[in-house]
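Q:
There are 2 protein chains.
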Amino acid sequence: MLSIGDMSRRTGVKIPTIRYYEQMKLIDAPERSEGNQRRYSKAELERLGFIKHARDLGLTIEAIRKLIDLSTRPDMSCAEADKIASEHLAFVQARIAKLKRLETELKRITSCCSSGNIDDCYVIHALSDHSLCEDVH
Amino acid sequence: MLSIGDMSRRTGVKIPTIRYYEQMKLIDAPERSEGNQRRYSKAELERLGFIKHARDLGLTIEAIRKLIDLSTRPDMSCAEADKIASEHLAFVQARIAKLKRLETELKRITSCCSSGNIDDCYVIHALSDHSLCEDVH
DNA sequence: TCTATATCTCTAGTCACTAGAGCATATGTA
DNA sequence: TACATATGCTCTAGTGACTAGAGATATAGA
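As they're listed, the protein sequences go chains A and B.
Each step along the first sequence adds one to the number in our numbering, with nothing skipped, and position 130 is 130.
Count along the second sequence from 1, add 1000, and you get the number used in our numbering.
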């Protein structure tokens, strides 16, 4: 049996976050010791690892809840699970594209600041004048 | 003189958000009409545009507050402003790198799901078994 | 047994908004 | 001028995914 601290060390999920996941019903309320402390099984460790991994990948709590739900219905087609992951992939790709455009503009903004006076500051100037952007947003 | 709705239409910042910025002291409390409605000047429109642009670039409210503060002290060197923008550039670049690693893993996860049964579902399986990751995280 | 560490519950705070209730004001047309 | 509609006001509370802190209790090792 594992304490909440053991779970935390093994998965890298912080203790308050584990309790938060329990509250959000991502994990079941575990057994308790005589003194009311949480005691987890190996299966619960695995589920927390699953959640951690999915969160690291940026999946929302809601998406993870769906995946867990799916995995407990072994008769279900996995098309649904694939859909969740695929949608998230598209989301990640869109975010990369957007950030790359921002990177371009930030590079442009920061590469020109050489004067000593704020009146000529290209950073401030560029941020004020949207028309300087090359249709970035 | 512009109403809050005019400001919103011209900058693309939603009305409650404008009021929120006022509360956060990013913009000064504007004049009011006889009936207590906000009335803005051109200068205030420009400042809101500045804030919008900076937010679109992902700068935090706190960073924007600093930039505004800097821009009202015309004697200051702009090195500080450049530092804020550069730091943010580094942040954006780090995020791009991280998202690209996630993209790789998500692609791998979603490209193999072909079986009809959840027991064989690669998505669920891959998310459960961290060791399948190629040291992505 | 003592002490240090771990855990408990509960509340509130974070960021950057967003939503809604319940009014008051402004604007345009008849 | 009367009215309808649109716009605005303040205030409170909610979002997601945690994080922090208070104050009490439990457990493990010397």
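Where is the CB? At the ideal position from N, CA and C, for every residue including glycine.
Over what stretch of residues does the alpha helix (DSSP H) that includes A:Q37 continue unbroken?
A: In the first sequence, the residue the question calls residue 37 of chain A occupies position 37. Taken as a continuous stretch (DSSP letters only), A:Q37 belongs to no alpha helix (DSSP H), as it is neither H nor E.
Q: Where does B:G1005 land, buried or exposed, given buried means 16+ other C-beta within 10 angstroms?
A: The sequence position of residue 1005 of chain B within the second sequence is 5, counting from 1. When all chains shown are included, B:G1005 counts as exposed.
Q: Can the beta-carbon of A:A81 be found less than 8 Å from the beta-carbon of A:L67?
A: Reading the first sequence from its first residue, position 81 is the one you call residue 81 of chain A. Reading the first sequence from its first residue, position 67 is the one you call residue 67 of chain A. For A:A81 and A:L67, yes; Cβs fall inside 8 Å.
Q: Which of helix, strand or coil does DSSP assign to A:L2?
A: Numbered from its first residue, the first sequence carries residue 2 of chain A at position 2. In this structure, A:L2 counts as strand in the three-state DSSP scheme.
Q: What did DSSP end up calling A:D28 once you bin it into helix, strand or coil?
A: Here the question's residue 28 of chain A lines up with position 28 in the first sequence. Coil.
Q: Note down, in chain order, all residues in the region 94–106 of chain A with a beta-carbon under 8 Å from any beta-carbon belonging to chain B.
A: Taking 8 Å as the Cβ-Cβ cut-off against chain B, the residues of the region 94–106 of chain A that qualify are R95, I96, L99, K100, L102, E103, E105 and L106.
Q: Does the region 56–66 of chain A touch the region 1052–1070 of chain B, meaning 3 or more C-beta pairs lie closer than 8 Å?
A: As far as the Cβ criterion goes, the region 1052–1070 of chain B does not touch the region 56–66 of chain A, which means the pair count is below three.
Q: Beta-carbon within less than 7 Å of A:R32's beta-carbon, same chain only, minus the 5 sequence neighbours each way: which residues are those?
A: Start at 1 with the first residue of the first sequence, and residue 32 of chain A comes out as number 32. Here the set comprises R38 and R39.
Q: Which of the three DSSP states, helix, strand or coil, is assigned to B:V1092?
A: On the second sequence, position 92 is the one that residue 1092 of chain B refers to. Helix, per DSSP.
Q: Mapping the DSSP letters down to three states, classify B:K1083 as helix, strand or coil.
A: Counted from its first residue, the second sequence places residue 1083 of chain B at position 83. Helix.
Q: Within its chain, find whatever has a CB closer than 8 Å to the CB of B:K1014; leave out the 5 residues flanking it on each side and keep chain order.
A: Numbered from 1 along the second sequence, position 14 holds the residue referred to as residue 1014 of chain B. Taken in chain order, the residues that qualify are S1008.
Q: Short check: CB of B:T1104 to CB of B:L1048, under 8 Å?
A: Within the second sequence, the letter at position 104 stands for residue 1104 of chain B. Within the second sequence, the letter at position 48 stands for residue 1048 of chain B. No, they are not a contact pair.
Q: For A:L2, which residues in chain B fall below 8 Å Cβ to Cβ?
A: As a working note, residue 2 of chain A is residue 2 in the first sequence. What A:L2 touches in chain B: nothing, since even the nearest Cβ is about 17 Å away.
Q: To the nearest angstrom, how far is the alpha carbon of B:D1069 from that of B:A1097?
A: As a position in the second sequence, residue 1069 of chain B is number 69, starting the count at 1. As a position in the second sequence, residue 1097 of chain B is number 97, starting the count at 1. Each residue's alpha carbon lies about 32 Å from the other.
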